[in-house]
Amino acid sequence: MVRKFLGDPTAPLALKRGDKVASPRGDGKPDPHQFGRVVDGWCDVADTGSGPYTTSYTVEMDGHPEGRFSVQEFGYVVLSDDDFVRLRLQRKWREGLLVRHRRVAERLEPGKTPSTAILVGTGSGEACEACDEPILPTHGKVSYTRASGPPMYLHRRCDELWDELEFGTS
Ligand SMILES: [Zn+2]
């Protein structure tokens, strides 16, 4: 038996570094408390090349790089980009890093009316507060003014996902 590691082009691994996965809950849906990106992995193959017989991946917990967990073959759910943003939004709400009800409650001064969304069109490298990726000139951007401080910038897609999660609409 030979152990082959992630990054070795001859390793028959289904996932690669940076892939987004979650542990499954009992119902098979992604566990919102245990998801992140693959940072390492290995598998055992027979000397004859057959296999792999055992596969294991190390996953870095989203937002908590020190909190790594392992998943074995079939013991994970692969996340789409949208699913990843959904889980990340839920995590940030849970951890108090983002405020839900952003349209009505976010740091508004007494007597002020909530701001409305401003469609700016395209990004110029601002960080999206939902997914943390830069909003590039090829991306749609939505910005929300705040009572104080810089506006909140979101990818248009991330903004839609937020609305779906928070209001059940898009
Ligand atoms: Zn985004």
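Using our numbering, the letters of the sequence shown correspond one by one to residues 30 to 199.
Each residue gets a CB set at the ideal place from its N, CA and C atoms; glycine is no exception.
- prompt: Can you give the Cα-Cα distance for Thr84 and Val149, rounded to whole angstroms?
  reply: Here residue 84 corresponds to residue number 55 of the sequence shown, with the count starting at 1. Here residue 149 corresponds to residue number 120 of the sequence shown, with the count starting at 1. The straight-line gap from Cα to Cα measures roughly 46 Å.
- request: Run the CB neighbour count on Gln101, radius 10 Å, all protein chains shown included, and call it buried at 16 or more, exposed below.
  value: Working through the sequence shown from its first residue, we reach residue 101 at position 72. The residue in question, Gln101, is exposed, as its Cβ has fewer than 16 Cβ neighbours within 10 Å.
- prompt: Mapping DSSP to helix, strand and coil, what is Arg117?
  reply: To locate residue 117, count along the sequence shown from 1; it is residue 88. Helix at Arg117.
query: Under a Cβ-count criterion, where at least 16 other Cβ atoms within 10 Å of its own Cβ denotes burial, should Met30 be classed as buried or exposed?
result: Along the sequence shown, one-based indexing puts residue 30 at 1. It is exposed - the Cβ of Met30 has fewer than 16 other Cβ atoms within 10 Å.
- prompt: When the distance is taken between beta carbons, is Pro61 closer than 8 Å to Cys72?
  reply: Taking the sequence shown and counting its residues from 1, one reaches residue 72 at position 43. Taking the sequence shown and counting its residues from 1, one reaches residue 61 at position 32. The Cβ-Cβ distance between Cys72 and Pro61 does not fall below 8 Å.
query: Under the criterion of a Cβ to heavy atom distance below 7 Å, does Leu126 qualify as lining ligand 1?
result: Numbered from its first residue, the sequence shown carries residue 126 at position 97. No, since every heavy atom of ligand 1 falls outside the 7 Å radius drawn around the Cβ of Leu126.
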